[in-house]
Amino acid sequence: MAEEKKEKAPKSVDPASIQMIEKAEAEGISTIYDRADKMKACNIGEQGTCCKVCSQGPCRLPLPKKGIEGEDTRMGLCGATPNTIAARNFARMVAAGAAAHSDHGRGVAEVFLAAARGETEDYKIQDTKKLLEVAELFDIPVTVGEGDDEKPRDTKEIAVELGEKALGEWGKQEGEIYFAKRAPKARYDLWKKLDIVPRGIDREIVEIMHRTHMGVDQDYKNIIKQCSRAALADGWGGSMIATDLQDILFGSPVPIHGSINLGVLKDDEVNIIIHGHEPLLSEMIVVASRTPEMQDLAKAKGAKGINLAGMCCTANEILMRHGLPVAGNYLQQELAIITGAVDAMVVDVQCIMENVANVAKCFHTKVITTNTRAKMEEPNTVHIQFEEHHALDNAKQIIKTAIENYPNRRAEVMIPDVQAPMVAGFTYESIEYHLGGSFRGTYYTLNDNIINGRIRGIGGVVGCNNARTTHDSDHLIIVKELLKNDVIVLTTGCNAMACGKAGLLTPEAAKEFCGPGLAEVCETVGIPPVLHMGSCVDNSRILMAASAVVKAGGLGNDISDLPAAGSAPEWMSEKAISIGHYFVASGVYTIFGVGLPVTGAPVFQDYIFNKLEAELGGKWDLEVDPVKHAQKMIAHIDKKRKELGIDKARERVLFDMEARRQLDEEVA
Ligand code: XCC
Numbered sequence: 058m059a060e061e062k063k064e065k066a067p068k069s070v071d072p073a074s075i076q077m078i079e080k081a082e083a084e085g086i087s088t089i090y091d092r093a094d095k096m097k098a099c100n101i102g103e104q105g106t107c108c109k110v111c112s113q114g115p116c117r118l119p120l121p122k123k124g125i126e127g128e129d130t131r132m133g134l135c136g137a138t139p140n141t142i143a144a145r146n147f148a149r150m151v152a153a154g155a156a157a158h159s160d161h162g163r164g165v166a167e168v169f170l171a172a173a174r175g176e177t178e179d180y181k182i183q184d185t186k187k188l189l190e191v192a193e194l195f196d197i198p199v200t201v202g203e204g205d206d207e208k209p210r211d212t213k214e215i216a217v218e219l220g221e222k223a224l225g226e227w228g229k230q231e232g233e234i235y236f237a238k239r240a241p242k243a244r245y246d247l248w249k250k251l252d253i254v255p256r257g258i259d260r261e262i263v264e265i266m267h268r269t270h271m272g273v274d275q276d277y278k279n280i281i282k283q284c285s286r287a288a289l290a291d292g293w294g295g296s297m298i299a300t301d302l303q304d305i306l307f308g309s310p311v312p313i314h315g316s317i318n319l320g321v322l323k324d325d326e327v328n329i330i331i332h333g334h335e336p337l338l339s340e341m342i343v344v345a346s347r348t349p350e351m352q353d354l355a356k357a358k359g360a361k362g363i364n365l366a367g368m369c370c371t372a373n374e375i376l377m378r379h380g381l382p383v384a385g386n387y388l389q390q391e392l393a394i395i396t397g398a399v400d401a402m403v404v405d406v407q408c409i410m411e412n413v414a415n416v417a418k419c420f421h422t423k424v425i426t427t428n429t430r431a432k433m434e435e436p437n438t439v440h441i442q443f444e445e446h447h448a449l450d451n452a453k454q455i456i457k458t459a460i461e462n463y464p465n466r467r468a469e470v471m472i473p474d475v476q477a478p479m480v481a482g483f484t485y486e487s488i489e490y491h492l493g494g495s496f497r498g499t500y501y502t503l504n505d506n507i508i509n510g511r512i513r514g515i516g517g518v519v520g521c522n523n524a525r526t527t528h529d530s531d532h533l534i535i536v537k538e539l540l541k542n543d544v545i546v547l548t549t550g551c552n553a554m555a556c557g558k559a560g561l562l563t564p565e566a567a568k569e570f571c572g573p574g575l576a577e578v579c580e581t582v583g584i585p586p587v588l589h590m591g592s593c594v595d596n597s598r599i600l601m602a603a604s605a606v607v608k609a610g611g612l613g614n615d616i617s618d619l620p621a622a623g624s625a626p627e628w629m630s631e632k633a634i635s636i637g638h639y640f641v642a643s644g645v646y647t648i649f650g651v652g653l654p655v656t657g658a659p660v661f662q663d664y665i666f667n668k669l670e671a672e673l674g675g676k677w678d679l680e681v682d683p684v685k686h687a688q689k690m691i692a693h694i695d696k697k698r699k700e701l702g703i704d705k706a707r708e709r710v711l712f713d714m715e716a717r718r719q720l721d722e723e724v725a
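All residue numbers for the sequence shown refer to our numbering, where the first residue is 58 and numbers rise by one.
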């Protein structure tokens, strides 16, 4: 029955995607959408209680249909309880997610160091202001001499020292990661007290793998403690270093216009989709595509030009820094190829569906892998190794491959005429500027508006698409419900793209979607009510924004005091679990949609959903109904407002639609 119901659910709410899904169905091309119909998820894995950490299993411990009556006697061959099994599985997801983000960060740090040392000509440091700020956080002197003789230190020297120290964060065995102290003092002190300040990034990830090996850590609370260390090593370590060094190397984003959806593809230009995560490659492809050599080559092959478009988090990176168009989010990668207009899909790491190679076989599209860590076995894919010392040459070779493929395009090109304008590229620094102006940049304005109740609270809504639920639907229902209730939304990843496609990333969205208080603030300042803060590693920007709000004063001493909540409505990646847990460990109430693989272990679930809050100030939650999901976030925000004693201020500005209409008439 349940399956039958799922089949009837629409596959997407995005009109461009619906057109392409229909085209795929008509042409018999298999996509994730029809596979999700045909293949049911494993119900034991879904509950988190399948153990496969040794070869005596897999031991499967599903929750009895009637639930647990009396003592829970379920155990695996070795005696592992459902709590141990679910906690171990959860921890391994944290480890994989933290590893993915952190390996991305490591790659950036390596290129940063090569650029600082002058070993590569292709990358240059662009944001020296941020270089100096970040250097100080790493205890790197930015001046030389003393007293009257004090003068600025050579920026090259600073950059080399920063690159070395940043890279050292991965292999550090003791002490603590530098950025832990960027958190509000109360938060840092709590981490110290709980002994969860990460020592080094790799160490914490490796320790999860050891502890979850057969027969090691058998206390789910102790396993979660290590999850906290590793997840914090991601959020305040690997991801934050990635974000900061990318900003220094490629320039810090500032709000910029862009456009999004499959309609950004062009039928008379060479379309190259850059898909994946690491901007090291995509930045160079942008540079190479603008050279006369590449432009001329494209024209020689009959195209009007080169059209670069991003997909998944790479899209967010090139959008934020260059305003380049975004073709779509995770569940649109196969669909982009089905337009027949993609001459090359260039991929690096993470979130690349293996089936893109199969879909590409039905068209002329070349799938180009570029990273030693991520190759594809299908013979129709090409590998062009991207190497930082020859970055520009590699990028040109990639573009050339796409251009040469342009004449192979077949007749059946069908690009949906659907795209939306948007503003992206907010950072915790640019929010400060927008709310305070260039001379008095500050978070006080935001805090004031939260205190006086115009803004009810802050929602961080992030994360993936998931083929087990209608594409983009839960993202949009939740975000719109928050806006209606005066909750400002900070977004990253594939949620940001869902919001962009639905027109929520424009200043005009404030009037249409927000409650009166939030609409007033956004219209006064001229910002969208949903602030696009980048890719998944850029969730670190949300941590920094939350810390800045705490530091501005008036809303408590810790992130856990803020009227704020986090959400990943359509998550699917292990990275989302790592992100979720670093938000929880940073004091944020964090709620996921779709499902969480913990429901087969009620005691463990109760620990992370309820008891953990007493320790960390943040906790996990799950709600698959999107309206209830948003309401739970709002209830948490209201609870925090009450604890802060600012709930009364809020009551004074609570308008219903009728009151709002009246107000509009009065103003008119
Ligand atoms: Fe991947 Fe980053 Fe998830 Fe989207 S949100 S599906 S992780 S692209 Ni990052």
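Backbone N, C-alpha and C fix where the C-beta goes; we use that ideal spot for every residue, glycine too. In this text, all values refer to a predicted model and were calculated from it rather than measured experimentally.
Using the C-alpha atoms, what's the distance from residue j back to residue i?
i	j	result
ASP543	SER316	26 Å
HIS440	ILE425	6 Å
MET601	HIS158	17 Å
PRO72	VAL475	7 Å
SER487	SER309	9 Å
ILE67	ILE375	One detail in the question is off: residue 67 reads as Pro in this sequence, not Ile. C-alpha separation (whole angstroms): 31 Å.
SER495	ASN373	Annotation note: pLDDT 48 at SER495 (below 50); position unreliable, no value reported.
MET257	ALA622	Note that residue 257 corresponds to Gly in the displayed sequence, not to Met. Approximately 28 Å, taken between the alpha carbons.
VAL681	THR422	37 Å
LYS668	GLY320	47 Å
TYR277	ALA360	59 Å
VAL403	LEU365	10 Å
MET271	THR526	34 Å
THR427	GLU627	28 Å
TYR490	ALA477	26 Å
LEU302	LEU118	44 Å
Is DSSP giving residue i helix, strand or coil here?
i	result
ARG709	With a pLDDT of only 49 at ARG709, under 50, the local geometry of the prediction cannot be trusted, and no value is derived from it.
HIS332	strand
HIS491	helix
ARG378	helix
ASN428	strand
PHE483	coil
VAL546	strand
VAL536	helix
PHE649	strand
THR526	coil
SER635	helix
SER11	This structure does not reach residue 11, given that the chain is present from 58 up to 725, and the question cannot be answered.
ALA800	The question about residue 800 has no answer, for the chain in this structure spans 58 to 725.
MET271	coil
CYS419	coil
ILE363	strand
HIS209	One point to set straight first is that residue 209 is Pro, not His, in the sequence displayed. The answer is strand: DSSP assigns PRO209 an E or B state.
TRP293	helix
ARG467	coil
ALA288	helix
ALA622	strand
ASP196	coil
GLU723	Note that GLU723 scores 48 on pLDDT, short of 50, meaning its location in the model is unreliable and no value can be drawn from it.
Assign residue i to buried or exposed, taking buried as 16 or more other Cβ atoms, counted over all protein chains shown, within 10 Å of its Cβ.
i	result
CYS99	exposed
ALA609	buried
ASP211	exposed
VAL254	buried
ASP205	exposed
PRO79	Going by the sequence as given, residue 79 is Glu instead of Pro. The residue is exposed, with fewer than 16 neighbouring Cβ atoms inside 10 Å.
THR106	buried
MET96	exposed
ALA772	Since the displayed the chain opens at 58 and closes at 725, residue 772 lies outside it and no answer follows.
ASN318	buried
Do we get a CB-CB distance below 8 Å when we pair residue i with the residues of chain C?
i	result
ALA555	Protein chain content of the structure displayed is limited to a single chain, and chain C is not contained in it.
Decide if the segment 387-400 is in contact with the segment 345-354; the criterion is three or more beta carbon pairs, one per stretch, under 8 Å apart. no
At least three beta-carbon pairs within less than 8 Å, the segment 163-178 to the segment 263-278: no
Is the segment 394-413 touching the segment 325-340 in the sense that three or more CB pairs, one from each, lie closer than 8 Å? yes
Under 8 Å: do the segment 545-552 and the segment 516-525 share three or more Cβ pairs, one atom per stretch? yes
Are the segment 285-298 and the segment 451-468 touching by the rule of at least three beta carbon pairs closer than 8 Å? no
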